[in-house]
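Residue numbers (the UniProt record's numbering): 1 to 258.
Idealized CB from N, CA, C, for every residue including glycine.
Structure first, commentary second.
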């Protein structure tokens, strides 16, 4: 129900990020959203890059009404030559049609949606973590509230939504604003070299997203972790020549062998 007589109506919003071409995980999340009767979805980017099913993921997203923005890997798919791309972007690039690229190109870098502000990384950079900081080789720490507030600046939004790090996190800033990262729908672990070598690991193989529930000025946040056939996704990554992705999809961790 949207609300009993005399009560403010309830608004429920599903927040997705970092699908990375994992159609199996996306379909499980969309089924979970539908099962809760949620009709409003926002999507924080990095939709397609990965060695799984980028074209199928693009088709599903193009068919589903939602407010979406582009992530850094979406930008790489549109702006880099294939020989300058990483392996995941190159795989996705080879699979996409002109219609898929046109859809990606239509997505803004940020979006204001009522009291929500959507960005992939920070409001000014889709390549910078907002709620985490890489401080040295394999050293990732939570960014302090003051530093987060400085990266947000004077934006007029009650809730700022970010992705990019694939880590489900929630922070309330001293001024009362909330900052939410829903975690990753389709890629529970990865490693990166920028600005220093580091790993991001959820430690589980489920598809992650979040639900915002608003009633008047009251806000509830729920993190959702949805089981799907992650072993089938891992097997697909193996077949496509990416054992690193296969390990991440199986365990939510990066193998320590290298």
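Next on the checklist: Taking the alpha carbon of residue 165 as the reference point, which residue from 67, 73, 43, 131 has its own alpha carbon closest?
Outcome noted: By 1-based counting over the chain shown, the position of residue 165 is 165. When each option's Cα is compared against that of residue 165, the closest is 131.
Item to check | Proximity winner among 228, 211, 216, 215, relative to residue 222 (alpha-carbon distances) | outcome: For the purposes of this step, residue 222 is identified with residue 222 of the chain shown, where counting begins at 1. Residue 222 has its Cα closest to that of 211, out of 228, 211, 216, 215.
Item to check | Where residue 109 falls: helix, strand or coil (DSSP) | outcome: The sequence position of residue 109 within the chain shown is 109, counting from 1. Secondary structure at residue 109: coil, using DSSP grouped into helix, strand and coil.
Checklist entry - Is it true that the CB of residue 25 sits closer than 8 Å to the CB of residue 207? => result Mapped onto the chain shown, residue 207 falls at position 207. Mapped onto the chain shown, residue 25 falls at position 25. Contact: yes.
Item to check | Cross-strand partners of residue 67 (DSSP beta bridge) | outcome: By one-based count along the chain shown, residue 67 stands at place 67. 42, per the DSSP bridge assignment.
Checklist entry - Under a Cβ-count criterion, where at least 16 other Cβ atoms within 10 Å of its own Cβ denotes burial, should residue 76 be classed as buried or exposed? => result Here residue 76 corresponds to residue number 76 of the chain shown, with the count starting at 1. Buried, by the Cβ-count rule.
Checklist entry - Assuming residue 173 contacts residue 149 under a Cβ cut-off of 8 Å, what Cβ separation, rounded to an integer in Å, is found between them? => result Within the chain shown, numbered from 1, the residue matching residue 173 stands at position 173. Within the chain shown, numbered from 1, the residue matching residue 149 stands at position 149. With a Cβ gap of about 5 Å, residue 173 and residue 149 count as contacting.
Checklist entry - Using the rule of at least 16 other Cβ atoms within 10 Å of the residue's Cβ for burial, across every protein chain shown, is residue 276 buried or exposed? => result Given a span of 1 to 258 for the chain in the structure shown, any question on residue 276 remains unanswerable.
Checklist entry - Which term fits residue 141, buried or exposed, when burial requires 16 or more other beta carbons within 10 angstroms of its beta carbon? => result Here residue 141 corresponds to residue number 141 of the chain shown, with the count starting at 1. When all chains shown are included, residue 141 counts as exposed.
Checklist entry - Rounded to whole angstroms, how far is the Cβ of residue 38 from the Cβ of residue 14, which I believe are closer than 8 Å? => result Mapped onto the chain shown, residue 38 falls at position 38. Mapped onto the chain shown, residue 14 falls at position 14. Rounded, the Cβ-Cβ distance is 5 Å, consistent with contact.
Checklist entry - For residue 185, is the classification buried or exposed, using 16 other Cβ atoms within 10 angstroms of its Cβ as the cut-off for buried? => result Translated into the one-based positions of the chain shown, residue 185 becomes position 185. Buried, because 16 or more other Cβ atoms sit within 10 Å of the Cβ of residue 185.
Item to check | Enclosing alpha helix (DSSP H) for residue 130 [first to last residue] | outcome: Taking the chain shown and counting its residues from 1, the one referred to as residue 130 is at position 130. Taken as a continuous stretch (DSSP letters only), residue 130 belongs to no alpha helix (DSSP H), as it is neither H nor E.
Next on the checklist: Can you tell me whether residue 136 is helix, strand or coil according to DSSP?
Outcome noted: Taking the chain shown and counting its residues from 1, the one referred to as residue 136 is at position 136. Correct three-state label for residue 136: strand.
Next on the checklist: Would residue 167 and residue 119 be called neighbours here (beta carbons separated by less than 8 Å)?
Outcome noted: Within the chain shown, numbered from 1, the residue matching residue 167 stands at position 167. Within the chain shown, numbered from 1, the residue matching residue 119 stands at position 119. Going by C-beta atoms, residue 167 is not nearer than 8 Å to residue 119.
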